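Chemist:
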Amino acid sequence: MKTLFRVNRLLLATLFVLLLAHVGDANTAYREAPMLSKLVSEGQLPPVADRLPKEPLVMQVEEEIGTYGGTLVNVFTGQSDASAVRRVLIEVPLWFGQDNRDEIASNIFAGYQAADDGSIVTVYLREGLRWSDGHPYTADDIMFWWEDMLLYTPTPDQPRVADSIPWLHANGRLPRVTKINDYEVSFEWDEPNPLFPEILRNDLFITGILQPKHHLRQFHPRYLADVPDQGPEAVERFQVVLDYLSPTEKYWNPGTPSLEAWVTKVWDGRQLLLERNPYYFKVDPAGNQLPYIDYVRFDVIEDRQLANIKAMAGEIDFQFRHIDFQNYTALVENEERGNYRTLLWQDSGGAAPNILLNHNCKDPVLRELIRSKEFRAALSLAIDRELINEMLWYGLATPMQGTAPVGTPFYVEGMDRMYAEYAPDQANALLDGLGLTQRNRDGIRMRPDNQPLTLYLDLMSPGWPSHTETFELVQDFWKQIGVDLKINVSERSLYHMRIENNEHQLAHWNMDRTLMPTLDPQSFLPIAPDQNAEAPLYAKWYATNGREGEVPEDVYAEMYRVYQQVVSTVDAKERNELFKKIVRLHAENVMTIGTVGLTPVVGVASNRLRNVPEKEIQATEFRTPRNAQPEQFFFVD
Amino acid sequence: MAEYSLNRLVSFFPTLFIVSILVFIIINAPPGDYLTVLANELRQTGDAAAEYELGILEQRYGLNQPIHVRYWKWITNFVKGDLGESFEWRKPVSEVIGDRLLLTLILSGSTMFFTWLISIPIGVYTAIHKDSLSDRVLTIVGFLGLATPNFLLALVALYLSAVHFQVIGVGGLFSEEFASAPWSVAKAIDLVKHMIIPILVIGTSQMAELIRIMRSNMLDILGQPYVLTNRAKGLKGHVIVYKHCLRVAINPLISMAGMQLPNLISGTMIVAIVLNLPTVGPMLRRALVSQDVYLSGSFLMIVTALLLVGNLLADVALALADPRIRYN
Amino acid sequence: MTDPSAPTPTSVDTTKRATGHSDSGVSYWQLVWRRFSKNKLAMASLIVVALFYLTMVAFPEFISPHSPGYRARSMIEAPPMRIHFIDNEGSWSLRPFVYLYDSSRDPRSLRRVYAENRDKKAFLYLFVRSTPYRLFGVWETDIHLFGNPDVDIFPLGTDGQGRCMLSRIVHAGRISLTVGLVGVAISLVVGTIVGIISGYLGGRVDSLIQRFIEILMSFPSIPLWMSLAAAIPRHWSIVTTFFAITMLLSLINWGGLARQVRGLVLSLKERDFVSASRAMGVPTFTIVLRHLLPNCISHIIVVATIAIPKMVIGETSLSFLGIGLRAPALSWGVLLQDAQNINTIAITPWLMLPTIPLFVIVLAFNALGDGLRDAADPYTSHKA
């Protein structure tokens with residue numbers, strides 16, 4: 000069993016560290032899938048040694064060395080559900096280490112090197128790595144992405160794409176990107192950009208850097224002889240190229256070169272069929288080229304619910320997305336009939352839901368209350384988290400305060416227990432201490448302005464079913480301490496609009512990003528004005544560099560101040576320790592109120608499918624189930 | 000007569016024009032647009048798209064233009080036969096709807112055939128045996144379908160078929176080996192097998208109404224003096240019933256059939272969603288929810304136009320049959 | 000474009016009624032009632048409908064053994080408790096009782112397993128004191144129709160949060176049944192007014208209104224609901240949302256009614272008594288009130304009865320599409336929305352129980368409507 004996280008982090012690659020992990024032995028005789036051997040013998044494909052890069056990435060297998068063949072069947076709801084495909088296939092330039100996930104490991108890129116102050120980052124490509132059509136992947140491809148996609152503009156009034164990508168900027172300035180040779184590219188800023196290597200392994204940030212120049216140049220006005228590279232026609236042509244900035248675009252266009260394990264063969268609106276990439280750059284420890292499985296198929300379902308029934312009928316080989324925890328019992332009881340096994344993984348989230356009290360609330364009396372730590376603590380202490388766990392999660396979740404959960408890199412000792420016990424008496428005492436002693440005939444406390452203490456929650460719909468049920472319970476808990484909770488259901492777009500306009504009092508979210516908060520602090524620090532409902536005006540202040548919104552006060556002021564230090568700290572260990580200060584401030588002051596975390600996640604895997612981890616962590620950052628490495632799954636007969 | 004038809008025809012186009020405006024307003028009424036809906040959906044599953052990706056899409060879809068500009072662009076193209084492009088599927092709407100429309104028509108047609116095949120005899124039978132025990136029982140059985148929420152019936156049927164009788168795959172209209180295959184005899188047979196459950200589920204919900212209409216039409220005609228006279232003259236009961244009354248009683252049903260088509264499309268939506276049918280219903284729902292406005296808008300226009308044409312034809316036919324109407 | 004299911008205007012013999020004298024000397028409504036009361040099925044339906052409204056709309060708190068939000072922590076997803084009269088020793092008890100459950104959990108599937116404990120009997124009593132509530136929102140009391148003062152009894156089982164299904168179904172009925180009434184009332188008022196205006200004034204007004212209704216009715220109803228429902232500001236309270244939903248449901252309905260009323264008015268307009276009144280210079284408004292409206296009313300009532308169940312079903316459909324009422328609001332649609340997952344069908348089928356009252360009320364309203372239609376036409380004999 001490999002360690003999922005290691006709390007004692009290695010010193011990250013801030014010095015001249017070149018990551019060339021798991022280099023294959025040059026003398027290994029590589030083997031390939033029978034369907035490819037056939038093509039090789041027919042002369043349609045070069046031999047496997049010529050297709051693999053000089054140093055293929057050696058992928059450890061979960062259980063055993065596999066055998067080739069088969070079709071992996073999944074379901075998704077169609078083109079708008081592209082993430083379902085992406086989360087099985089995506090390759091990110093760098094990735095999480097196989098042994099230690101805190102490590103920034105090589106993947107498409109062989110490694111990187113960061114200068115002392117973090118202002119120059121050089122990336123190294125894999126020599127001999129090829130696109131799925133056999134064309135070499137080189138620095139030119141990165142330069143195409145940079146110069147012809149991000150910096151190019153077909154009309155002077157159209158902004159460059161690069162200008163709208165915040166993480167490419169260091170102190171507001173773009174880097175100089177230089178091709179050093181075919182396998183080396185450097186990014187050079189005027190000031191340090193220490194988080195850039197982290198960005199290179201985060202799919203949600205670095206999307207789109209892997210572009211096949213030899214393929215896309217046929218659409219690009221700059222490379223087309225008959226199209227001027229400026230003007231309306233160029234705008235139209237360039238739009239097609241821009242589409243490929245989304246890493247899912249290739250799935251809908253058969254023939255687009257890819258670096259992933261499987262490449263689209265057919266997409267007809269009903270089925271997405273992907274075929275193995277003969278040039279895929281990973282091998283197993285025995286030298287077999289991955290993936291083991293020949294084809295991956297995604298069938299379109301008209302409704303999420305179908306995934307659950309199809310799983311029960313044994314029509315799906317591997318699926319996590321759209322499988323609902325509430326169907327767990329039924330799934331287990333039908334295992335034999337459908338010849339599958341039900342997998343119970345664990346979400347890395349710190350709170351599902353996290354209750355967000357609006358520190359910028361428009362109602363002045365309520366704002367005053369929400370900004371008092373005692374009030375927030377009282378509301379937190381009044382929640383019976385064990386009961387929530389028991390009723391909604393079969394006891395499989397972890398009752399805790401909303402923070403980085405135990406076992407994750409940013410866990411701070413004791414923070415998960417902060418005001419997380421069920422202590423209604425203490426809660427009552429805290430509220431009494433705030434002078435909220437008067438009650439109306441329903442037992443609801445009166446606010447200082449003699450209004451009943453009613454809190455309105457905006458509940459997003461469609462949202463998470465467990466949130467609705469949790470709040471129905473919270474309603475009861477808070478009633479016992481004389482706080483009236485009213486739930487108003489908001490349609491999803493409206494929900495975000497209301498938050499952005501600061502029209503809400505209470506809202507909620509899954510605290511789902513706790514693994515890489517230095518890069519993406521949203522779970523702890525308000526940075527998204529339409530999502531961080533705990534302080535949308537502060538978030539706006541942050542997002543607009545102080546032009547709009549409200550200047551943070553008290554604890555939040557301190558948290559933003561620390562975060563400024565975090566982003567400019569070059570040393571990774573120091574940076575992470577600094578961020579833990581924010582984690583501490585966040586939990587100790589109950590800035591948000593957690594309920595249960597580390598919730599169970601249910602999926603199914605066919606009994607014929609092997610090398611699927613029994614236990615895994617689900618995380619947005621890991622692109623789960625991508626972190627289960629489907630390329631090393633295989634079928635037994 | 001010609002003048003009446005012309006009059007109705009003249010009013011047809013303004014009506015369609017107003018409908019088009021209404022359609023566009025209604026589908027744009029919910030807050031947000033395609034991109035915000037998409038972005039929020041991705042956000043919830045932790046797949047948030049980067050800001051700049053959304054910016055690119057916004058420009059591509061012209062969503063930054065004001066609504067009347069977008070309407071005008073849509074409707075002028077619509078008239079020319081260009082139904083616009085679906086945001087989600089990134090294909091012309093006509094292409095996206097195309098094969099689904101065919102399957103919808105096959106399914107709706109078969110369902111209608113099935114419901115009529117069962118309802119008309121029951122309607123006639125219950126009319127002739129009015130207030131008998133069998134009348135009561137059949138009426139109640141008919142209502143059973145009407146009163147059970149479609150989606151639950153569909154879900155139970157799906158569950159039973161999927162888990163307990165694994166004859167065909169779960170839902171859908173095709174087995175996986177035929178889903179992307181070109182049409183063949185085997186594929187057609189496969190389709191027929193898969194249609195049994197949808198037809199039963201959709202059919203049962205519509206039977207009650209048809210039985211009721213057929214029964215009351217039949218009762219009306221049976222009570223007409225000339226029928227009573229014929230009976231008195233000694234013509235055998237069943238000859239009267241089947242030869243004459245049935246024909247008269249079915250007439251209004253036939254005029255109704257023309258108008259049922261659009262209703263069948265949207266009425267089967269819920270069942271189609273649950274049963275995973277690749278028909279237009281689920282796609283329309285998805286388009287409405289995700290604010291894929293050209294897809295849903297063009298689609299609604301087509302359905303509405305179909306109904307208006309149906310109305311027009313029915314009115315003209317009625318005017319032909321009954322001269323009094325023309326002067327009303 | 001006429002609805003063949005609706006009675007044709009000529010099938011109501013209006014002349015006799017309107018002129019006020021009939022052969023037998025009894026009034027029109029007396030005749031209707033006489034005829035209606037002979038129809039056993041219709042009478043039974045009337046009683047069922049009345050009972051439903053009485054128990055679920057007027058006294059749900061009294062009828063249900065628990066409050067709908069009450070959670071029994073140890074009784075999550077418990078199946079319905081069987082009500083016994085004979086105990087395991089074979090002895091009879093006049094007072095019904097249930098056996099309490101012993102619960103355990105399957106370690107692998109985590110299914111909660113409940114077994115009747117034959118040693119733990121709990122009798123059912125009438126007028127039991129338990130959760131306090133306010134009758135009609137005014138009188139505070141804690142008396143419930145039945146139950147057991149010491150232990151929780153769940154005749155229809157519990158849901159995933161240990162809440163009593165019976166109590167929830169009964170309370171949910173309040174909204175579901177009112178949706179029907181209120182919705183139909185709205186469509187009736189609008190439909191009748193528009194129908195009379197359209198039919199009586201005729202000409203340009205008429206054709207304009209007809210085109211408008213045509214547009215409204217030619218719009219596929221579900222997409223229309225979906226778009227409009229999404230446009231409802233969802234931070235509205237449950238009550239306002241409820242009314243908005245009802246308005247949405249009736250939006251489609253009134254058009255059809257207006258058309259039928261118009262048809263009636265068109266034929267009535269040419270009748271002698273209306274022409275005569277007009278010739279005598281009776282003001283239009285009086286004609287409408289004195290002659291047209293009373294003559295349409297029986298028809299309107301019939302249409303209303305048949306429309307109510309459609310509304311009730313419509314509410315559940317909206318909930319399915321996720322655009323109707325949503326939890327924590329309570330309606331049959333909301334309950335069934337919770338039930339539409341595989342786990343319910345496979346493991347806890349009793350969560351689908353709300354379909355039964357739904358079915359009964361739809362059936363009852365339809366039978367009632369049929370009975371009324373037959374009875375509203377007392378002068379013709381062919382339907383006897």
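As you go down the protein sequences, you meet chains A, B and C in turn.
So in numbering that gives the first Met the number 0, spot 301 of the first sequence is number 300, and the numbers just go up one at a time.
So in numbering that gives the first Met the number 0, spot 30 of the second sequence is number 29, and the numbers just go up one at a time.
So in numbering that gives the first Met the number 0, spot 379 of the third sequence is number 378, and the numbers just go up one at a time.
For glycine and all other residues, C-beta sits at the position ideal for the given N, C-alpha and C.
Note that this is a predicted model, so its numbers are computed, not measured.
Ordered along the chain, which non-local residues of its own chain (more than five positions away) have a Cβ less than 6 Å from that of H20/C?
Modeler: The count along the third sequence starts at 1 and reaches residue 20/C at position 21. Interpretation of H20/C is limited by its pLDDT of 45, a score under 50 that renders its predicted location unreliable; no figure is taken from the coordinates.
Chemist: For T76/A, count the other beta carbons within 10 Å of its own beta carbon; 16 or more makes it buried, fewer makes it exposed. Which is it?
Modeler: As a first step, residue 76/A is located in the first sequence; it is residue number 77 there, counting from the start. Buried: at least 16 other Cβ atoms inside 10 Å.
Chemist: Rounded to a whole number of angstroms, what is the C-alpha to C-alpha distance between Y294/A and T623/A?
Modeler: As a working mapping, residue 294/A is identified with position 295 in the first sequence. As a working mapping, residue 623/A is identified with position 624 in the first sequence. About 20 Å.
Chemist: Since M496/A meets chain B, which of its residues come closer than 8 Å, beta carbon to beta carbon?
Modeler: Position 497 of the first sequence, counted from the start, is the residue given in the question as residue 496/A. Those within 8 Å of M496/A in chain B are P30 and G31.
Chemist: Do R111/C and R104/C come within 7 Å of each other at the CB atom, strictly closer than that value?
Modeler: For this step, residue 104/C is matched to residue 105 along the third sequence. For this step, residue 111/C is matched to residue 112 along the third sequence. Yes, the Cβ-Cβ distance between R104/C and R111/C is below 7 Å.
Chemist: Select from H83/C, P78/C and P95/C the residue whose C-alpha is nearest the C-alpha of D101/C.
Modeler: Here residue 101/C refers to the residue found at position 102 when the third sequence is read from its first residue. Among H83/C, P78/C and P95/C, the Cα nearest to that of D101/C is on P78/C.
Chemist: Can you list, in chain order, the residues of its chain whose CB lies under 8 Å from that of R30/A, leaving out five sequence neighbours each side?
Modeler: Along the first sequence, read from residue 1 onward, the residue named residue 30/A stands at position 31. The residues are V47, A285, G286, N287 and Q288.
Chemist: Would you kindly work out how many angstroms separate the C-alpha atoms of L134/C and E60/C, rounded to a whole number?
Modeler: On the third sequence, position 135 is the one that residue 134/C refers to. On the third sequence, position 61 is the one that residue 60/C refers to. L134/C and E60/C: Cα-Cα distance of roughly 7 Å.
Chemist: Rounded to whole angstroms, what's the CA-CA distance from P155/A to R69/B? Just pull it up for me.
Modeler: Taking the first residue of the first sequence as 1, we reach residue 155/A at position 156. Taking the first residue of the second sequence as 1, we reach residue 69/B at position 70. Approximately 25 Å between the Cα atoms of the pair.
Chemist: Per DSSP, what are the beta-bridge partners of L355/A in this structure?
Modeler: Within the first sequence, the letter at position 356 stands for residue 355/A. DSSP lists A506/A as partners of L355/A.
Chemist: What's the C-alpha gap between A185/B and V18/B?
Modeler: Taking the second sequence and counting its residues from 1, one reaches residue 185/B at position 186. Taking the second sequence and counting its residues from 1, one reaches residue 18/B at position 19. Whole-angstrom Cα-Cα distance: 42 Å.
Chemist: Using a Cβ cut-off of 9 Å, pull out every chain C residue sitting near A506/A, in sequence order please.
Modeler: Against the first sequence, residue 506/A aligns to sequence position 507. None at all; the shortest Cβ gap to chain C is about 11 Å.
Chemist: Does any residue of chain A have a CB that is nearer than 7 Å to the CB of I341/C?
Modeler: Here residue 341/C refers to the residue found at position 342 when the third sequence is read from its first residue. Answer yes: the Cβ-Cβ gap between I341/C and chain A drops below 7 Å somewhere.
Chemist: If we define contact as Cβ-Cβ less than 7 Å, is R491/A a contact residue for chain B?
Modeler: Residue numbering aside, residue 491/A sits at position 492 when the first sequence is read from its first letter. Answer yes: the Cβ-Cβ gap between R491/A and chain B drops below 7 Å somewhere.
Chemist: Could you list which residues in chain B have their beta carbon closer than 8 Å to that of V361/C, in chain order?
Modeler: As a first step, residue 361/C must be located in the third sequence, where it is residue number 362. Neighbours of V361/C on chain B, chain order: F142, L145 and A146.
Chemist: Using a Cβ-Cβ cut-off of 7 Å, state whether Y421/A counts as contacting chain C.
Modeler: Taking the first residue of the first sequence as 1, we reach residue 421/A at position 422. False, the Cβ-Cβ gap to chain C never drops below 7 Å.
Chemist: Closer than 8 Å, Cβ to any Cβ of chain A: which residues of the stretch 42-71 of chain C, in chain order?
Modeler: So the list reads G68 and R70, given in the order they occur along the chain.
Chemist: Counting only beta-carbon atoms, is T14/B nearer than 7 Å to chain C?
Modeler: Taking the second sequence and counting its residues from 1, the one referred to as residue 14/B is at position 15. So yes, T14/B belongs to the interface.
Chemist: Counting only beta-carbon atoms, is S79/A nearer than 7 Å to chain E?
Modeler: This model lacks chain E altogether; the protein chains it does include are A, B and C.
Chemist: Flag this pair as touching only if the stretch 331-341 of chain A and the stretch 26-42 of chain B have three or more C-beta atom pairs under 8 Å; answer yes or no.
Modeler: No contact exists between the stretch 331-341 of chain A and the stretch 26-42 of chain B.
Chemist: With DSSP as the reference, label P181/B as helix, strand or coil.
Modeler: Counted from its first residue, the second sequence places residue 181/B at position 182. In the structure shown, P181/B sits in coil (DSSP, three-state: anything other than H, G, I, E or B).
Chemist: Any beta-carbon of chain A closer than 7 Å to the one on P353/C?
Modeler: As a first step, residue 353/C must be located in the third sequence, where it is residue number 354. Not an interface residue.
Chemist: Within a Cβ cutoff of 8 Å, which residues of the same chain sit near F122/C, ignoring the five residues on either side of it in sequence?
Modeler: Position 123 of the third sequence holds residue 122/C. Excluding residues within five positions, the ones whose Cβ falls inside 8 Å are S92, R94, P95, F96 and N147.
Chemist: What are the residues that DSSP puts in a beta bridge with T640/A?
Modeler: There is simply no residue 640/A to check, as chain A begins at 0 and stops at 636 in what is shown.
Chemist: Could you check whether the Cβ of R5/A sits closer than 7 Å to any Cβ belonging to chain C?
Modeler: For this step, residue 5/A is matched to residue 6 along the first sequence. The predicted position of R5/A is uncertain, since its pLDDT is 37 and thus under 50; no value can be drawn from it.
Chemist: Taking C-beta pairs closer than 7 Å, name the residues in chain B that N333/A reaches, listed in chain order.
Modeler: As a position in the first sequence, residue 333/A is number 334, starting the count at 1. Correct list: V162.
Chemist: Per DSSP, what kind of secondary structure is P423/A in: helix, strand or coil?
Modeler: Translated into the one-based positions of the first sequence, residue 423/A becomes position 424. In the structure shown, P423/A sits in a helix (DSSP, three-state: H, G or I).
Chemist: Go ahead and label N500/A buried or exposed: buried means 16 or more other beta carbons lie within 10 angstroms of its beta carbon, across all protein chains shown.
Modeler: Indexing the first sequence from 1 puts residue 500/A at position 501. Exposed, by the Cβ-count rule.
Chemist: When the Cα atoms are used, what is the spatial distance from F373/A to V589/A?
Modeler: For this step, residue 373/A is matched to residue 374 along the first sequence. For this step, residue 589/A is matched to residue 590 along the first sequence. Checking the sequence, you will find Glu at residue 373/A rather than Phe. Those two C-alpha atoms are separated by around 9 Å.
Chemist: Could you list which residues in chain C have their beta carbon closer than 9 Å to that of S10/B, in chain order?
Modeler: Locating residue 10/B in the second sequence gives position 11, where the first residue counts as 1. What S10/B touches in chain C: S206 and R210.
Chemist: Can you tell me the Cα-Cα spacing of S129/C and S318/C, whole angstroms?
Modeler: On the third sequence, position 130 is the one that residue 129/C refers to. On the third sequence, position 319 is the one that residue 318/C refers to. Approximately 32 Å, taken between the alpha carbons.
Chemist: For R325/C versus V488/A, is the C-beta distance shorter than 7 Å?
Modeler: Locating residue 325/C in the third sequence gives position 326, where the first residue counts as 1. Locating residue 488/A in the first sequence gives position 489, where the first residue counts as 1. Yes. Within cutoff.
Chemist: Could you run through the stretch 36-52 of chain B and flag, in chain order, every residue whose CB is less than 8 Å away from some CB of chain A?
Modeler: Answer in chain order: V36, L37, N39, E40, L41, R42, Q43, T44, G45, D46, A47, A48, A49, E50, Y51 and E52.
Chemist: Report the neighbours of L386/A on chain C: residues whose CB is nearer than 8 Å to its CB, in chain order.
Modeler: For this step, residue 386/A is matched to residue 387 along the first sequence. Going along chain C in sequence order, the residues near L386/A (Cβ under 8 Å) are R72.
Chemist: Look up V364/A in the DSSP assignment and say whether it is helix, strand or coil.
Modeler: Counting from 1 along the first sequence, the entry for residue 364/A is found at position 365. In this structure, V364/A counts as helix in the three-state DSSP scheme.
Chemist: State the DSSP-derived secondary structure class of S82/A, mapped to helix, strand or coil.
Modeler: In the first sequence, the residue the question calls residue 82/A occupies position 83. The answer is helix: DSSP assigns S82/A an H, G or I state.
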